[in-house]
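Those protein sequence lines, which keep their order, are chains L and P. Residue numbering for the first sequence follows UniProt numbering, beginning at 1 and increasing consecutively. Residue numbering for the second sequence follows UniProt numbering, beginning at 1 and increasing consecutively. Only one structure is covered here, and it is reproduced in the block below.
Protein chains: 2
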Amino acid sequence: MDMTSNERAAWGRHLQTPVLFNPHKPIEVDSPTIKNVDMNPVRSTRKAVANKEKVLILTPLKDAAPYLSKYFELIGRLTYPHQLIDLAFLVGDSSDDTLAVLAAEADRLQKRTDSVPFRSITVVEKDFKFHLSQNVEERHSFEAQGPRRKALGRARNYLLSVAMKPDHSWVYWRDVDIVENPAAIIEDFIAHDVDIIVPNVWFHRIEDGVDIEGRFDYNSWIESNKGRMLANKLSKDVVLAEGYSQYKTGRTYMARMGDRTKNKDEEIDLDGIGGVNIIVKADVHRSGINFPCYAFENQAETEGFAKMAKRAGYRVVGLPNYVVWHIDTDEKPGNA
Amino acid sequence: MDMTSNERAAWGRHLQTPVLFNPHKPIEVDSPTIKNVDMNPVRSTRKAVANKEKVLILTPLKDAAPYLSKYFELIGRLTYPHQLIDLAFLVGDSSDDTLAVLAAEADRLQKRTDSVPFRSITVVEKDFKFHLSQNVEERHSFEAQGPRRKALGRARNYLLSVAMKPDHSWVYWRDVDIVENPAAIIEDFIAHDVDIIVPNVWFHRIEDGVDIEGRFDYNSWIESNKGRMLANKLSKDVVLAEGYSQYKTGRTYMARMGDRTKNKDEEIDLDGIGGVNIIVKADVHRSGINFPCYAFENQAETEGFAKMAKRAGYRVVGLPNYVVWHIDTDEKPGNA
């Protein structure tokens, strides 16, 4: 019978003893070993700050001691509320003092009494025993790129698996050797409300007293027909790397595009991305999209990540006019 | 200088005041928000019980209320030490009382005072709003299989992402509708020391008073040249499903092999696997190998998982003579 509670009271007024059978007595679960995790309220929206959406910043480290001081300086200046941010690092296969420097920097940061300390910092230790030849020629050979990118992909996935908690809405992959970035980069990127988003990654170099702007990251690209045809001819186990004359992909590189004086929010769709600075909706990772440690459609790691995400129907966006500055390094990708 | 401590004592005997500078004073990290996770000691070995290796049992649930009682009965009888086992369930898109029945069964189990209670039970709630047509013809159409398998893959990855903890050495995927299995199945499988391993999955049916053994799981197979050639002709976005006459794969099905009176430990290498009962070394998942929610080399979910693992160099093994019994169901795979 469909009555309002007023109608039911009126209807029941002539009865002496109302009887209620409640077939829906709640089941009370009070065993301390049983835990409930409701993922339905976890969202990734444009209104991330207002909704108190949690961000996880992930940084893989290997022999990274010299970069950590600058890293923490920049991270400490991020304007997204730090009590909503967890940091996690993977330290592995390092022969320098990365772990000790990281511990000291983290401890110093978290003991500050202002609003700089983060919600938490997790340091994951894992050695993969992956060591490339120290010979520069071998390290930069085309053949070395596949194993290297696969190992990097595996390390990223380990870090993700250990560090991502059910309440994270966003995952921010950030390399340790960024030297300059807008403090509002998280808010700026979240405002685009896309699944995966990367900036343009350049570097500065002072040569003969002149400040030269260099293009750094050739892993963010738009696929070409030439690249597709090349991949069709290759064995499924080959990992393509950019900048090797024996494998011309003809792709369009975001690094070559862009004007940092123009509209910073201009978007382009990408098919491959680099790993220096990526912001990802947590749903993408939880659905299983990660960094292939194998040849995924002839790409691995971050480029394979973009290819996998596109195949699964997610959107991958680059901002050609929004620049994040990488440290200058002699180790340029490829041998172009 | 390279001296033993005895030599150093002898050498220093003539000195009055030995002075020690210790440049390696430990860095003490005592901020309560900083956590360290050392993954190096986490291993998956043949001696799992002796090493106290943790097992995570994962079960996705959807409208599964009728099967939970049998599920907990069988789980409760597993001989692998229960204090080393965590259980986790994903409950989603259910219109029956799955969550309540699960809560009641879990609470009852964990309150036992014997050795049956497990280390922990986690119930993850997540609705994906994925609903197939209830029309039997449409549900069983070839076209419906791709979206269905992709949605199942996504649900598995969510469960894995939320439930796997850094100390898990093994992940045991177990469907809710198993009706009979050897109590030592975890130990039996771990003894093989392989990356991914599955049993043969059959069912019983009583017809006219006769006990008929049926073959259930056609997702565990060895790839054929015919299957490879078929895949080469298909678009990368097509997901193959077994048992559809328009897509003949010519694969060898483990379900058709096997003799349960013969050596239960006989191994075969597989290229695709079903999801009824899988035991996986945690390293495989942490390295990023999971259940594609997209077309991975023209397969999705558990079959894509096997293909991905093989491409990454992991070993995928089936035991044709080791049988786990699935509930009999009219919903046979494909329309063969």
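Every residue, glycine too, gets a C-beta built ideally from N, C-alpha and C.
Practice problem: Let me know if G304 (chain P) comes out buried or exposed under the rule of 16 or more other beta-carbons within 10 Å of its beta-carbon. | Solution: For the purposes of this step, residue 304 (chain P) is taken as the residue at position 304 of the second sequence. Its Cβ being crowded by 16 or more others within 10 Å, G304 (chain P) is buried.
Quiz item: Would DSSP call L20 (chain L) helix, strand or coil?
Solution: Within the first sequence, residue 20 (chain L) is the residue found at index 20, counting from 1. Correct three-state label for L20 (chain L): coil.
Quiz item: Going by the beta-carbon positions, is the gap between G272 (chain P) and W221 (chain P) smaller than 8 angstroms?
Solution: If you number the second sequence from 1, residue 272 (chain P) lands on position 272. If you number the second sequence from 1, residue 221 (chain P) lands on position 221. For G272 (chain P) and W221 (chain P), yes; Cβs fall inside 8 angstroms.
Exercise. Step through the CB atoms of chain L and report whether any lies within less than 8 angstroms of the CB of Q83 (chain P).
Key: For the purposes of this step, residue 83 (chain P) is identified with residue 83 of the second sequence, where counting begins at 1. No, Q83 (chain P) does not count as interfacial toward chain L.
Practice problem: With DSSP collapsed to three states, give me the class of K281 (chain L). | Solution: Here residue 281 (chain L) is taken as the residue at index 281 of the first sequence, counted from 1. K281 (chain L) falls in the strand class under three-state DSSP.
Quiz item: Using 8 angstroms as the threshold, is the region 251-258 of chain P in touch with the region 163-175 of chain P, meaning 3 or more CB pairs across them?
Solution: The answer is no - the region 163-175 of chain P does not touch the region 251-258 of chain P, with fewer than three Cβ pairs under 8 angstroms.
Quiz item: Looking at the structure shown, is P81 (chain L) part of a helix, part of a strand, or coil, going by DSSP?
Solution: For the purposes of this step, residue 81 (chain L) is taken as residue 81 along the first sequence, with counting starting at 1. Note: P81 (chain L) maps to coil in three-state DSSP.
Quiz item: Closest Cβ-Cβ distance between Q110 (chain P) and chain L: below 8 angstroms?
Solution: By 1-based counting over the second sequence, the position of residue 110 (chain P) is 110. It does: the Cβ of Q110 (chain P) has a partner Cβ on chain L nearer than 8 angstroms.
Practice problem: Throw me the rounded Cβ distance for the L270 (chain P) and V316 (chain P) pair, which I believe falls under 8 angstroms. | Solution: Reading the second sequence from its first residue, position 270 is the one you call residue 270 (chain P). Reading the second sequence from its first residue, position 316 is the one you call residue 316 (chain P). Confirmed, Cβ separation roughly 5 angstroms.
Quiz item: Terminal residues of the continuous alpha helix (DSSP H) containing T98 (chain L)?
Solution: The sequence position of residue 98 (chain L) within the first sequence is 98, counting from 1. Taken as a continuous stretch (DSSP letters only), the alpha helix (DSSP H) holding T98 (chain L) covers 98-110.
Quiz item: Since D86 (chain P) sits in a beta bridge, which residues does DSSP pair it with?
Solution: Indexing the second sequence from 1 puts residue 86 (chain P) at position 86. For D86 (chain P), which the question treats as bridged, DSSP gives the partners P:L56, P:S120.
Exercise. With DSSP as the reference, label L61 (chain P) as helix, strand or coil.
Key: Sequence index remark: in the second sequence, residue 61 (chain P) carries index 61 (1-based). Per DSSP, reduced to three states, the secondary structure at L61 (chain P) is strand.
Practice problem: Determine, using beta carbons only, whether P117 (chain L) comes closer than 8 angstroms to chain P. | Solution: Counting from one through the first sequence, the residue named residue 117 (chain L) turns up at place 117. With 8 angstroms as the cut-off, P117 (chain L) counts as an interface residue toward chain P.
Self-check item: Proximity test, Cβ basis, 8 angstroms: G334 (chain P) and chain L
Solution: Taking the first residue of the second sequence as position 1, residue 334 (chain P) is located at position 334. Any reading at G334 (chain P) must be qualified, since the residue scores a pLDDT of 44, below 50, and its modelled position is unreliable; the value itself is stated next. So no, G334 (chain P) is outside the interface.
Practice problem: Report yes or no: do three or more beta-carbon pairs, one from the region 308-326 of chain P and one from the region 226-234 of chain P, lie closer than 8 angstroms? | Solution: no
Quiz item: For A184 (chain P), which residues from the same chain have a beta carbon less than 7 angstroms from its beta carbon, with the 5 sequence-adjacent residues on both sides left out?
Solution: By 1-based counting over the second sequence, the position of residue 184 (chain P) is 184. Short of 7 angstroms from the beta carbon of A184 (chain P), and not among the five residues preceding or following it, lie these beta carbons of its own chain, in chain order: T79.
Exercise. Could you tell me if K52 (chain P) is buried or exposed, where buried requires 16 or more neighbouring beta carbons within 10 angstroms of its beta carbon?
Key: Residue mapping note: residue 52 (chain P) aligns to position 52 of the second sequence, counting from 1. K52 (chain P) should be labelled exposed.
Self-check item: Where A336 (chain L) falls, given that 16 or more other Cβ within 10 Å makes a residue buried
Solution: Indexing the first sequence from 1 puts residue 336 (chain L) at position 336. Interpretation of A336 (chain L) is limited by its pLDDT of 36, a score under 50 that renders its predicted location unreliable; the figure taken from the coordinates is listed afterwards. Exposed, by the Cβ-count rule.
Self-check item: Cβ-based burial, P198 (chain P) [other Cβ within 10 Å; buried from 16]
Solution: By one-based count along the second sequence, residue 198 (chain P) stands at place 198. Going by the sequence as given, residue 198 (chain P) is Val instead of Pro. Classification for V198 (chain P): buried.
Quiz item: In chain P, what lies closer than 8 angstroms to K35 (chain L) by C-beta?
Solution: Position 35 of the first sequence, counted from the first residue, corresponds to residue 35 (chain L). Near K35 (chain L) (Cβ distances below 8 angstroms), the residues of chain P are S120, I121, T122, V123.
Exercise. Pull up the CB-CB distance for M39 (chain P) and E125 (chain L), whole angstroms please, since I reckon it's below 8 angstroms.
Key: Counting from one through the second sequence, the residue named residue 39 (chain P) turns up at place 39. Counting from one through the first sequence, the residue named residue 125 (chain L) turns up at place 125. Indeed they touch by this definition, with Cβ atoms about 6 angstroms apart.
Self-check item: Cut-off 7 angstroms between Cβ atoms - residues of its own chain near E180 (chain L), not counting five sequence neighbours on either side
Solution: Walking along the first sequence from the start, residue 180 (chain L) turns up at place 180. Closer than 7 angstroms at Cβ, skipping near neighbours: W325.
Quiz item: When the cut-off is 8 angstroms and only beta carbons count, does H285 (chain L) lie next to chain P?
Solution: The sequence position of residue 285 (chain L) within the first sequence is 285, counting from 1. Answer yes: the Cβ-Cβ gap between H285 (chain L) and chain P drops below 8 angstroms somewhere.
Quiz item: When burial is assigned at 16 or more other CB atoms within 10 Å of the CB, is D237 (chain L) buried or exposed?
Solution: Along the first sequence, read from residue 1 onward, the residue named residue 237 (chain L) stands at position 237. The residue in question, D237 (chain L), is exposed, as its Cβ has fewer than 16 Cβ neighbours within 10 Å.
Self-check item: Short Cβ contact (8 angstroms threshold) for V311 (chain L) with S287 (chain P)
Solution: In the first sequence, the residue the question calls residue 311 (chain L) occupies position 311. In the second sequence, the residue the question calls residue 287 (chain P) occupies position 287. Here residue 311 (chain L) turns out to be Arg, not Val, going by the sequence shown. No, the Cβ-Cβ distance between R311 (chain L) and S287 (chain P) is not below 8 angstroms.
Self-check item: Rounded C-alpha distance that separates T45 (chain P) from V280 (chain P)
Solution: The residue given as residue 45 (chain P) occupies position 45 in the second sequence. The residue given as residue 280 (chain P) occupies position 280 in the second sequence. Approximately 12 angstroms between the Cα atoms of the pair.
Quiz item: Which of the three DSSP states, helix, strand or coil, is assigned to R315 (chain L)?
Solution: As a working note, residue 315 (chain L) is residue 315 in the first sequence. Here R315 (chain L) sits in coil by DSSP.
Quiz prompt | Chain-ordered chain P contacts of P147 (chain L) [CB-CB under 7 angstroms] | solution = For the purposes of this step, residue 147 (chain L) is identified with residue 147 of the first sequence, where counting begins at 1. Here the premise fails: no neighbours, minimum Cβ distance about 11 angstroms.
Quiz item: By a C-beta neighbour count over all protein chains shown, 10 Å radius and 16 as the cutoff for buried, is Q83 (chain P) buried or exposed?
Solution: In the second sequence, counting from the first residue as 1, residue 83 (chain P) sits at position 83. Under this definition Q83 (chain P) is an exposed residue.
Quiz prompt | Where D271 (chain P) meets chain L, residues with beta-carbon distance less than 8 angstroms | solution = The residue given as residue 271 (chain P) occupies position 271 in the second sequence. Correct list: empty, because the minimum Cβ distance to chain L is about 13 angstroms.
Quiz item: Between the C-alpha atoms of I27 (chain P) and L68 (chain L), what's the straight-line distance to the nearest angstrom?
Solution: Counting from 1 along the second sequence, the entry for residue 27 (chain P) is found at position 27. Counting from 1 along the first sequence, the entry for residue 68 (chain L) is found at position 68. Cα to Cα, the separation comes out at about 16 angstroms.
Self-check item: Beta-bridge partners of N157 (chain L), as assigned by DSSP
Solution: As a working note, residue 157 (chain L) is residue 157 in the first sequence. N157 (chain L) is not bridged to any residue.
Practice problem: Starting from the Cα of Y294 (chain L), find the closest Cα among L:R149, L:H24, L:K62 and give me that residue. | Solution: Here residue 294 (chain L) refers to the residue found at position 294 when the first sequence is read from its first residue. The candidate whose alpha carbon is nearest that of Y294 (chain L) is L:R149.
Quiz prompt | Burial state of R156 (chain P) (16 or more Cβ within 10 Å) | solution = The residue given as residue 156 (chain P) occupies position 156 in the second sequence. Buried.
Quiz item: How would you list, in chain order, the residues of chain L whose beta-carbon sits under 7 angstroms from the beta-carbon of residue 339 (chain P)?
Solution: There is simply no residue 339 (chain P) to check, as chain P begins at 1 and stops at 336 in what is shown.
Quiz item: Residues of chain P with CB under 8 angstroms from V162 (chain L), in chain order?
Solution: As a first step, residue 162 (chain L) is located in the first sequence; it is residue number 162 there, counting from the start. Near V162 (chain L) (Cβ distances below 8 angstroms), the residues of chain P are V37, M39, P166, R286.
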